[in-house]
Each structure stands twice: as C-alpha cells, then as structure tokens.
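What follows is a short report on a single structure.
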Amino acid sequence: MASYRIDLAYDGSGFHGYARNSGVRTVQEELEHALATAFGSAVDTQVAGRTDSGVHARGQVVSFEAESGLNVDALARSVNAILGPEIVVQSVSRAEDGFDARFSALSRSYRYFVDDGPAPNPLDRHTVWHVDWALDEGALARAASAFVGEHDFASFCRAADGRTTIRNVTACSWSRESPDVSAPNGRVIHPGLLVFSVTATAFCHQMVRSLVALSVDIGRGRIAPDAIPGIFEARDRNAARGVAPPHGLVLWSVQY
C-alpha cells in the first residue's frame with residue numbers, strides 16, 4: 002500500500018463541520034463517500050484539522066492509503082465531479098510512505114476576516130464577520146503580539162477533558178486589505194477587510210475564534226491589550242470574551 006495526499010478546499014456553510022457525525026452532513030462523510038464511489042470500496046482518511054460547523058478551508062490536507070500506481074489525476078476529476086462546487090479536490094499526490102495528514106503536520110495556519118465598515122457587504126455574508134464599529138488597528142496589533150509564544154490557552158478553548166491546553170503560537174498578526182469601494186466624492190465607504198492571521202503547532206477547540214472575539218473587543222476599546230496576560234493566567238473560559246462567529250474563519254494552510 003502507498004500513502005497519498007489530497008489538498009482540499011471547501012465552503013463550510015452547508016456542513017456541520019469536517020468530522021463525520023451521525024445524522025448530520027459533514028465534509029468527511031461527503032469526501033469519503035466520493036472516494037468510495039471512485040474506488041468501489043470504503044476508504045479511511047486522516048485530516049490535518051477538524052474544522053467546526055460553518056468554518057471554511059482553503060488549504061486542508063487529507064491522507065489515505067491505496068495501491069501504488071494510482072492515477073491521481075483521474076481520481077481528482079472523479080471526486081470533483083461528485084463533490085463540486087462546495088468541496089474541491091485541488092490535487093491528489095503520492096506522499097512519502099507513512100505520511101499522515103494530522104500527525105505529520107508541523108503547524109497549521111488560519112485566517113479570519115472582519116469587516117468593520119459602516120454597512121455589511123451582502124456578497125460576504127457567508128465568509129466575513131461584519132462588526133458595526135471601526136476598530137483600532139494599533140490595539141489589534143498589540144493584542145496579536147501578546148498571543149505569540151507558548152501559553153496555556155485554557156481561557157480561549159472549550160473544555161479539553163483533561164487534555165493539555167498549552168499551545169505554541171509561532172506567528173500572529175492583524176492586517177488591513179486595501180480599500181476597494183469609494184463614493185463618487187472619493188470618500189471610502191468600504192475600508193477594506195481586516196484579516197487575522199495565526200500560525201501554531203496545534204490549536205485547541207474554538208481557540209482561533211476566541212482570540213478573534215477578544216481582539217475585536219480590544220479594537221473596540223472595551224478592554225485594554227495589557228489585560229491579556231491576566232486572561233491567560235486565569236485559565237477560565239469566562240475570562241475571555243466568547244467566540245467570533247464561525248463563518249469568518251478559514252483553515253488557510255498546513256505546513257509539513
């Protein structure tokens with residue numbers, strides 16, 4: 002048997018997350034059904050990151066084992082004919098023996114998209130969180146820098162059933178995309194999306210969305226950036242500021 006890698010993208014709007022879950026529609030169930038149809042038998046897969054309900058992926062990675070000599074291009078075409086356009090196999094490739102999409106990963110990167118303009122863009126309603134107040138970009142930057150490093154993220158994660166919540170965030174930032182809509186008088190009416198980018202060796206459940214929610218409250222002036230160390234130390238879910246909606250979050254890439 003040989004190891005194979007699928008590079009996958011999907012719109013998570015119509016799915017109850019990635020992982021198979023009885024009675025509801027999931028990305029894994031749809032993907033494995035399509036693979037089984039192509040192979041004529043069940044296929045077990047591993048995934049780099051189990052995204053939640055409503056969360057999207059641009060650079061998800063899935064692994065599976067099959068006989069060597071597989072026609073990877075034909076497989077990609079067959080699966081896409083079944084799954085598109087919600088789920089798209091960008092490529093299927095032969096991987097090193099023993100490759101596992103989850104356990105071989107060195108880090109994962111997510112992006113979260115926020116619109117702080119005066120009115121939402123209806124075309125972005127499934128992929129961008131609109132907040133109806135202008136956010137302080139300097140405060141957002143200070144918040145992002147405080148998240149970098151190895152910390153106990155218990156205040157930012159759902160209950161972990163005794164598992165460690167210590168995580169190592171290797172990069173974190175907020176940036177502003179260029180303004181793209183102006184009124185005839187030149188006044189900017191859409192300031193460009195704010196993008197939260199974060200990379201870590203691993204994440205715990207709802208961690209990214211919790212970091213975004215706290216950042217937005219900091220950007221709004223409801224809490225000071227220098228409160229973040231105390232929130233880490235509290236190790237209390239109530240010390241953070243809830244979670245941002247899922248639809249603004251994208252699994253951007255996985256590093257191996």
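Going left to right, the sequence shown walks through residues 2 to 257 as my numbering numbers them.
Even for Gly, the Cβ is constructed at its ideal location relative to N, Cα and C.
Item                                                                                                                              : Value
DSSP three-state call for Asn-239: helix, strand or coil?                                                                         : helix
In this structure, what does DSSP give as the bridge partners for Asp-153?                                                        : Ile-167
Please determine, among Trp-134, Phe-197 and Cys-205, the residue with the shortest C-alpha to C-alpha distance to Asp-163.       : Checking the displayed sequence, the identity of residue 163 turns out to be Gly instead of Asp. Considering only alpha carbons, the answer is Cys-205.
Counting along the chain, where does the alpha helix (DSSP H) carrying Gly-220 start and finish?                                  : 208–221
Could you say which of Met-208, Asn-81, Val-149 and His-131 lies nearest to Asn-169 if we only look at CA atoms?                  : Val-149
When you compare the CB positions of Thr-128 and His-57, do they come within less than 8 Å of one another, or not?                : yes
From the DSSP output, in three-state form, read off Ser-79 for me.                                                                : helix
Which residue's Cα is closest to the Cα of Leu-141: Arg-51, Gly-249, Ile-224 and Asp-237?                                         : Ile-224
Can you find at least 3 beta carbon pairs, one from the stretch 73–89 and one from the stretch 235–245, that sit closer than 8 Å? : no
Smallest Cα separation from Gly-220: which of Pro-246, Gly-243, Ala-10 and Asp-117?                                               : Asp-117
If we require 4 or more residues per run, which alpha helix (DSSP H) segments fall completely within the stretch 22–86?           : 28–40 and 73–84
Where does the unbroken beta strand (DSSP E) through Leu-252 begin, and where does it stop?                                       : 250–256
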